[in-house]
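Enquirer:
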Amino acid sequence: MRRRPTPWLAAGLALWAAGCKDDAPAPPPAAEDASAPVAMPVFEDPSTGARFSWPPTWRRVAAADTPDEDSVTQLARVERVGLASPVAPRVVLSAEPTTLTDPELAHRKVKNLLEAQLDGQGAKVRRISLLKHHVDGQPVGVLDVLYAVPVPDRDPVAVRHRSMVALVHTGEGSLAILTLTATYLAGDHDRVGTEVDAILHSLGLAPPPPAPSPDRGG
Numbered sequence: 082m083r084r085r086p087t088p089w090l091a092a093g094l095a096l097w098a099a100g101c102k103d104d105a106p107a108p109p110p111a112a113e114d115a116s117a118p119v120a121m122p123v124f125e126d127p128s129t130g131a132r133f134s135w136p137p138t139w140r141r142v143a144a145a146d147t148p149d150e151d152s153v154t155q156l157a158r159v160e161r162v163g164l165a166s167p168v169a170p171r172v173v174l175s176a177e178p179t180t181l182t183d184p185e186l187a188h189r190k191v192k193n194l195l196e197a198q199l200d201g202q203g204a205k206v207r208r209i210s211l212l213k214h215h216v217d218g219q220p221v222g223v224l225d226v227l228y229a230v231p232v233p234d235r236d237p238v239a240v241r242h243r244s245m246v247a248l249v250h251t252g253e254g255s256l257a258i259l260t261l262t263a264t265y266l267a268g269d270h271d272r273v274g275t276e277v278d279a280i281l282h283s284l285g286l287a288p289p290p291p292a293p294s295p296d297r298g299g
């Protein structure tokens, strides 16, 4: 099933192509005493137990609360503030119900769907990798994609897409594909790459439910 064109990308690049900028970014938080500990905001999803945090240069914004046609639900979204960029870098935590039980198949499904989506948008993939990582003892796919998006009357715009992908249990006893995804213009990588690293690697996962005890019927 092919996903709809990413609203963030379509709207942001349309403004950029017209020579406009996104809404003026909010100013960064005021500088504080460097010796004082910085409290990192944390979001934890009650259904999956997944959590992540972000630095003070990012803020939480409203996330879509209804699934799209692929049943992908945004659980939380944060965006970079105080950055002079046509489109603000964003990180989104999403979940999609699945019948898959193999984590590696879930990782590859996300990769394949993204490639199909980019192909449908006319984007050209310049580099793509899917590596294996572990978070809280559970396998996680690390997807990193660099692609170019065509823009009318301008050179293609390079975009960076980075995801942490996990197969998780929900509170309803079902499984879901969880993704923590950062998307930003490749030209902003030197300014936000380290922060994105910190956000993605702050991902925490709840332990899976215990396996059922074997039946010892007499």
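Per the working numbering, the sequence shown runs over residues 82 to 299.
Each residue gets a CB set at the ideal place from its N, CA and C atoms; glycine is no exception.
Owing to the predicted nature of the structure, the values given are computational and were not obtained by experimental measurement.
Let me check understanding here. Comparing Cα to Cα, which of 141, 289, 232 lies closest to residue 255?
Expert: Along the sequence shown, read from residue 1 onward, the residue named residue 255 stands at position 174. Considering only alpha carbons, the answer is 289.
Enquirer: If I follow the unbroken beta strand (DSSP E) through residue 177, where does it start and stop?
Expert: Walking along the sequence shown from the start, residue 177 turns up at place 96. Counting along the chain, the beta strand (DSSP E) containing residue 177 begins and ends at 171 to 179.
Enquirer: Look up residue 270 in the DSSP assignment and say whether it is helix, strand or coil.
Expert: Along the sequence shown, read from residue 1 onward, the residue named residue 270 stands at position 189. Note: residue 270 maps to helix in three-state DSSP.
Enquirer: I'd like the list of long-range same chain contacts for residue 287, defined as Cβ closer than 6 Å, with 5 residues on each side in sequence excluded.
Expert: Counted from its first residue, the sequence shown places residue 287 at position 206. Result list for residue 287: 130, in chain order.
Enquirer: Keeping to the same chain, check which residues put their C-beta closer than 6 Å to that of residue 239; ignore five residues upstream and five downstream.
Expert: Here the question's residue 239 lines up with position 158 in the sequence shown. 229, 267, listed in sequence order.
Enquirer: With DSSP as the reference, label residue 162 as helix, strand or coil.
Expert: The count along the sequence shown starts at 1 and reaches residue 162 at position 81. Residue state, collapsed to three classes: coil.
Enquirer: Identify, in the order they occur along the chain, each residue of the same chain with its Cβ nearer than 6 Å to the Cβ of residue 243, setting aside the five sequence neighbours on each side.
Expert: Here the question's residue 243 lines up with position 162 in the sequence shown. Taken in chain order, the residues that qualify are 225, 263.
Enquirer: Just how far apart, CA to CA, sit residue 260 and residue 223?
Expert: For the purposes of this step, residue 260 is taken as residue 179 along the sequence shown, with counting starting at 1. For the purposes of this step, residue 223 is taken as residue 142 along the sequence shown, with counting starting at 1. Distance between the alpha carbons of residue 260 and residue 223: 10 Å.
Enquirer: Counting C-beta neighbours from all protein chains within 10 Å, is the total for residue 275 16 or more, i.e. buried, or is it exposed?
Expert: To locate residue 275, count along the sequence shown from 1; it is residue 194. So residue 275 counts as exposed.
Enquirer: Is residue 134 close to the ligand HEM? I mean its beta-carbon at under 7 Å from any heavy atom of the ligand.
Expert: Within the structure as shown, the ligand HEM is missing, as the structure has no ligands at all.
Enquirer: With burial defined as no fewer than 16 other Cβ atoms inside 10 Å of the residue's Cβ, what is the status of residue 292: buried or exposed?
Expert: One-based indexing of the sequence shown puts residue 292 at position 211. Exposed.
Enquirer: Excluding five sequence neighbours on each side, which residues of the same chain lie with their C-beta closer than 6 Å to the C-beta of residue 283?
Expert: Reading the sequence shown from its first residue, position 202 is the one you call residue 283. 133, 134.
Enquirer: What does DSSP give as the partner residues of residue 202 in its beta bridges?
Expert: In the sequence shown, counting from the first residue as 1, residue 202 sits at position 121. Per DSSP, none; premise fails for residue 202.
Enquirer: Whole angstroms is fine: what's the gap from residue 241's alpha carbon to residue 210's?
Expert: Residue mapping note: residue 241 aligns to position 160 of the sequence shown, counting from 1. Residue mapping note: residue 210 aligns to position 129 of the sequence shown, counting from 1. Their Cα atoms are separated by approximately 12 Å.
Enquirer: Thinking residue 277 and residue 172 are a contact (beta carbons under 8 Å), I'd like their distance in whole angstroms, please.
Expert: As a position in the sequence shown, residue 277 is number 196, starting the count at 1. As a position in the sequence shown, residue 172 is number 91, starting the count at 1. Confirmed, about 7 Å.
Enquirer: Taking 8 Å as the cut-off, decide whether the C-beta atoms of residue 156 and residue 175 are in contact.
Expert: Counting from one through the sequence shown, the residue named residue 156 turns up at place 75. Counting from one through the sequence shown, the residue named residue 175 turns up at place 94. Yes. Within cutoff.
Enquirer: Quick one: what's got a C-beta closer than 8 Å to residue 280's C-beta in the same chain, skipping five residues either side?
Expert: Here residue 280 refers to the residue found at position 199 when the sequence shown is read from its first residue. Hits under 8 Å: 133, 134, 135, 136, 139, 159, 172, 261, 263.
Enquirer: According to DSSP, is residue 49 part of a helix, a strand, or is it coil?
Expert: The chain is shown only over 82 to 299; residue 49 falls outside these bounds and no answer can be derived.
Enquirer: With H, G and I counted as helix, E and B as strand and the rest as coil, what does DSSP make of residue 225?
Expert: Numbered from its first residue, the sequence shown carries residue 225 at position 144. Reduced to three states, the DSSP call for residue 225 is strand.
Enquirer: For my contact list, residue 191 and residue 153 are in at a C-beta cut-off of 8 Å; report their separation, rounded to the angstrom.
Expert: Counting from one through the sequence shown, the residue named residue 191 turns up at place 110. Counting from one through the sequence shown, the residue named residue 153 turns up at place 72. With 8 Å as the limit, residue 191 and residue 153 do not qualify as a contact, their Cβ atoms being about 10 Å apart.
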